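A.B. asks: Be aware that the sequence shown starts at 3, since it is given in this note's numbering, and climbs by one per residue. One structure coming up, written as structure tokens, with questions to follow.
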Amino acid sequence: MIKHALLFTAVSGLLIACKPAPDDKKTELKPVPKMTLNRLQALPIEAPKAKTVLHEAEYHGIKYSDPYHWLKDQSYPVIDDEEVLSYLNEENDYYQAFLKPNEELKNTLFEEFKGRVDEQEVSVPWTENGYEYSWFYEPGQNYRNWQRRNLTTGETEVFLNESSLAKDHEYFVLSDWAVSPDNRLLAYTVDTEGDEKYQLFIKDMKTGLMLGDTLSNVSGDVTFSADSNAVIYGQLQKDRWRTESIKMHILGTDVSKDKILFADPDDGYFLSFYYTSSKEFLVLSASQAEVTELHVLPANNLNSKPVLLASRDREFSYSADHAHGKFYIIANDTHVNSRLATVEDKAPAYGNWQTLIAGSDDFYLQDIQTFESTMIMKGRVQGEDQIILFDYDGKQESVPFPEDVFSASIGTNSEFTQSYTRINYRSMVTPDSVYDVDLKTKELTLRKQDKIPSGYDKSQYESKRIMAPARDGVMVPVTIVYKKGFKQDGSQPLFLYGYGAYGSTVSPRFSTMRLSLLDRGFAFAIAHVRGSDMMGYQWYLDGKLEKRENTFNDFVDVARHLVNENYVQEGNISISGRSAGGELMGAVVLQAPELWRSVILGVPFVDVLNTMLDATLPLTPPEWQEWGNPIESQNYFEIIKSYSPYDNILQREYPPMLVTGGLHDPRVTYWEPAKWTARMRANKTDNNLLIMRMNMGAGHFANSGRYGRLKDYAEEYAFTLLAHEISE
3 MIKHALLFTA VSGLLIACKP APDDKKTELK PVPKMTLNRL QALPIEAPKA
53 KTVLHEAEYH GIKYSDPYHW LKDQSYPVID DEEVLSYLNE ENDYYQAFLK
103 PNEELKNTLF EEFKGRVDEQ EVSVPWTENG YEYSWFYEPG QNYRNWQRRN
153 LTTGETEVFL NESSLAKDHE YFVLSDWAVS PDNRLLAYTV DTEGDEKYQL
203 FIKDMKTGLM LGDTLSNVSG DVTFSADSNA VIYGQLQKDR WRTESIKMHI
253 LGTDVSKDKI LFADPDDGYF LSFYYTSSKE FLVLSASQAE VTELHVLPAN
303 NLNSKPVLLA SRDREFSYSA DHAHGKFYII ANDTHVNSRL ATVEDKAPAY
353 GNWQTLIAGS DDFYLQDIQT FESTMIMKGR VQGEDQIILF DYDGKQESVP
403 FPEDVFSASI GTNSEFTQSY TRINYRSMVT PDSVYDVDLK TKELTLRKQD
453 KIPSGYDKSQ YESKRIMAPA RDGVMVPVTI VYKKGFKQDG SQPLFLYGYG
503 AYGSTVSPRF STMRLSLLDR GFAFAIAHVR GSDMMGYQWY LDGKLEKREN
553 TFNDFVDVAR HLVNENYVQE GNISISGRSA GGELMGAVVL QAPELWRSVI
603 LGVPFVDVLN TMLDATLPLT PPEWQEWGNP IESQNYFEII KSYSPYDNIL
653 QREYPPMLVT GGLHDPRVTY WEPAKWTARM RANKTDNNLL IMRMNMGAGH
703 FANSGRYGRL KDYAEEYAFT LLAHEISE
């Protein structure tokens, strides 16, 4: 599969048989009289109060004041300012004071979540280079074991025990691992701080001994050279959390002598690498929001000069795979929804590209993977996922799926010559599933569906998609799920989720934790707002830069449509979003506070203007393509300032809020949720609860391990239920 971090391209003039979008049929139910909705109140103890310190700057002749600027430790990324840490600890103490009397509800939710976890879960095995690989959990363990079986001898070995590696670490994430082509060496990368600065280790799987080659401050990805004598990795810039170069380390040599395969001085680009499915080329990628530049190296000669496919100066996004002497390229150079192009690998320059499938308004192509006998493509038609088998002679066939509202993606397919393609499938009511599609017969075989030990009856739940009108007339898709018997009369609560940035889509997906809401009478909805790529690449473009407020307006308008259609009463909607979705939460809280019963802002990107003004932060230069550069442009300074949640808090009433953050988060730095909480607490005129949970030992992804994350979610769900006066 094409591994490309923010690949949201599209393509194609394919004539695909697809279902029309489901009709939004209004259910004629008489709404119940409006209920009196009580708000979750502040604790009967004094809440933390952050001091204000005068801090002024001037941009484009405009004076800008930030009284909570001091919450950013001036020695960052070192965080040792005692006043800053004291404030964060005070907020955590206040948060714990909220949790303490609600331990029973939190524990009930945790046990519900845990009861739906398959404690002995085993993956579907996959085959690679003479071995069958799989992972499995042991009861009570937070982390996986990885094993392989020799297909010749039948011998099985556990080659990675994550629980052992995680021992003595408060936080642990295994990012990536790779086995050398000679099947002897294992390379893997781990993060034990939450700052996403990884260490790379290499193990001799024959002797069980660790090699002396340990690399620090690397990105999460790793692979081997074709001769098994070197590892390929990304070197992070010191204190910048940006891959500044892709290097090759020859085993047993000094790290200082590592060869730079590719480097990019432009800190506005992210660097990454991957092998093509044919294993014949190593692809070196430099990318930002809408622009990609790929270079390729023959896998058997990594010391050669990288060959450019298309320069970034052409200002389009693309990705590539390879088969039978050709590169197959998804590119949005000729159509916003992309084309599929092909070019001979001996002369792959842009001028030689030939269109295989023209781009069209109808089909949005997102991903491809090549095999020896065929190619698999993933895209969307009218917001519905499509998986298509495409033979090299031009014949194509869509993979049929049983539901109208679902998500499907290309799964793990490690061998170019394999006779099947693996697909991941799920829906709002169907647990995560793995299918194999026979490349000859096109037969679909279910290999695995997640088990729910405590029991789950799919027939008791219902999901559908409706379309909600935004204020500018655009129809926004909304996916809804609820337990059968849900009354569309406004009497029951609703939980609304959203994201909408970077072209990243929250697709219809199953959640075992969500059942704890549905079984308590909630409907759960996902607003597929602009800024995602749900309805194609233009959907993404219409929610960024100067059009960013479309994302916020879409979310509010979806909520109002759900009220108008009697799914819920105004003020009885709880909402949540993380990261850029947390920015969305902050914006809609300010725009329409009367709509929300409670709000969870997870690691929220709420201090947009200050972050985009700080070019020393590692993610700021690449992010200018998403939000605009307020340093150089007064126009973008004023646009961002007009919607940046932190800068628009007014003295008025707001709904109850739970804000979360991670002290070591490199993506949304800790001071963003902290500053939002401090300013909100100083300005809100109500007595509604405002709490912040700052994880002092983790980063953007909160607690690690499957049970650690469940504890976080149990606390968040408890907050939501209590906001709706549900205590059990």
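In this text, a Cβ means the ideal position worked out from N, Cα and C, and glycines have one as well. Since the model is a prediction, treat every value here as computed from it, not as a measurement.
I'd like to confirm something about Ala589: is its beta-carbon nearer than 6 Å to some heavy atom of the ligand GDP, or not?
C.D. replies: Ligands in the displayed structure: none, and consequently the ligand GDP is not present.
A.B. asks: Whose CA, out of Gln653, Thr679 and Phe161, lies closest to the CA of Thr662?
C.D. replies: Thr679
A.B. asks: Look up Asp323 in the DSSP assignment and give the residues it is bridged to.
C.D. replies: Looking at the DSSP output, Asp323 bridges to Tyr330.
A.B. asks: Identify, in the order they occur along the chain, each residue of the same chain with its Cβ nearer than 6 Å to the Cβ of Asp75, setting aside the five sequence neighbours on each side.
C.D. replies: Ile81, Asp83 and Val86
A.B. asks: Report the three-state DSSP secondary structure of His297 (helix, strand or coil).
C.D. replies: strand
A.B. asks: Taking the beta carbon of Thr423 as the centre, do at least 16 other beta carbons fall within 10 Å, making it buried, or is it exposed?
C.D. replies: buried
A.B. asks: Evaluate His530 with the Cβ neighbour count: other Cβ atoms within 10 Å of its Cβ, from every protein chain shown; 16 or more gives buried, anything less gives exposed.
C.D. replies: buried
A.B. asks: Going by other Cβ atoms of all chains shown within 10 Å of its Cβ, with 16 needed for buried, is Gln237 buried or exposed?
C.D. replies: buried
A.B. asks: Quick one: grab the DSSP three-state call for Asp556.
C.D. replies: helix
A.B. asks: With DSSP as the reference, please indicate the residues paired to Ile262 in a beta bridge.
C.D. replies: Lys249
A.B. asks: What separation, rounded to the nearest whole angstrom, lies between the Cα atoms of Leu543 and Pro46?
C.D. replies: 46 Å
A.B. asks: Buried or exposed for Pro35, going by 16 or more other Cβ atoms inside 10 Å?
C.D. replies: exposed
A.B. asks: Any contact between the region 305-323 and the region 347-365? By contact I mean 3 or more CB pairs, one from each, below 8 Å.
C.D. replies: yes
A.B. asks: Please work out which residues of its chain come closer than 8 Å, Cβ to Cβ, to Thr54, disregarding the five sequence neighbours upstream and downstream, and give them in chain order.
C.D. replies: Excluding residues within five positions, the ones whose Cβ falls inside 8 Å are Pro69, Tyr70 and Ala684.
A.B. asks: Is the beta carbon of Lys444 less than 7 Å from the beta carbon of Tyr463?
C.D. replies: no
A.B. asks: Quick check: the region 296-310 against the region 655-675, are there 3 or more CB pairs under 8 Å?
C.D. replies: no
A.B. asks: Find out if the Cβ-Cβ distance for the pair Leu73, Ala676 is shorter than 7 Å.
C.D. replies: In this structure, Leu73 lies near Ala676, with their beta-carbon atoms less than 7 Å apart.
A.B. asks: When we look at the beta-carbon of Gly457 and count the other beta-carbons within 10 Å, is it buried (16 or more) or exposed?
C.D. replies: exposed
A.B. asks: Can you tell me whether Asp25 is helix, strand or coil according to DSSP?
C.D. replies: Because the pLDDT of Asp25 is 37, which lies under 50, any placement of that residue in the model is unreliable, and the question is left without a value.
A.B. asks: Any idea if Asn689 is buried or exposed, counting beta-carbon neighbours within 10 angstroms, 16 or more meaning buried?
C.D. replies: exposed
A.B. asks: Which of the three DSSP states, helix, strand or coil, is assigned to Phe283?
C.D. replies: strand
A.B. asks: From the DSSP output, in three-state form, read off Phe275 for me.
C.D. replies: strand
A.B. asks: Going along the chain, which residues of its own chain have a beta-carbon closer than 8 Å to the beta-carbon of Thr245, five neighbours each way excluded?
C.D. replies: Ser221, Gly236, Gln237, Leu238, Gln239, Phe272, Leu273 and Ser274
A.B. asks: Buried or exposed: Glu386, going by 16 or more other Cβ atoms within 10 Å of its Cβ?
C.D. replies: buried
A.B. asks: So the candidates are Ile728, Glu727 and Phe721; which of them puts its Cα closest to the Cα of Lys102?
C.D. replies: Phe721
A.B. asks: Taking Thr434 as the reference, which of Leu253, Ala472, Lys442 and Lys460 has the closest Cα?
C.D. replies: Looking at the sequence shown, residue 434 is not Thr but Asp. Per the Cα distances, Lys460.
A.B. asks: Compute the distance between the beta-carbons of Pro647 and Tyr638, then report whether it is under 7 Å.
C.D. replies: no
A.B. asks: With a threshold of 7 Å on Cβ separation, who are the neighbours of Thr622 within its own chain once the five nearest residues in sequence on each side are excluded?
C.D. replies: Hits under 7 Å: Thr613, Met614 and Asp616.
A.B. asks: Less than 7 Å between C-beta atoms, sequence neighbours within five positions excluded: which residues of the same chain meet that for Leu304?
C.D. replies: Ser227, Met250, Leu263 and Leu284
A.B. asks: On the three-state DSSP scale, how would you describe Glu386?
C.D. replies: Of the three classes helix, strand and coil, the one that applies to Glu386 here is strand, per DSSP.
A.B. asks: Among Leu517, Leu296, Ala301 and Val480, which one has its Cα closest to the Cα of Tyr320?
C.D. replies: Leu296
A.B. asks: Have a look at Gln571, Ala589 and Gly502 and flag the residue whose alpha-carbon is nearest the alpha-carbon of Gln490.
C.D. replies: Gln571
A.B. asks: Give the straight-line distance between the Cα atoms of Ser578 and His324, rounded to the nearest whole angstrom.
C.D. replies: 40 Å
A.B. asks: Could you check what DSSP says for Ile642 in three-state terms: helix, strand or coil?
C.D. replies: helix
A.B. asks: Between Val431 and the rest of its own chain, which residues show a CB-CB distance below 6 Å, the 5 nearest in sequence each way excluded?
C.D. replies: Lys460, Tyr463 and Ser465
A.B. asks: Is Phe115 closer than 7 Å to Met2 when the C-beta atoms are compared?
C.D. replies: There is no way to answer for residue 2, as the model of the chain reaches only from 3 to 730.
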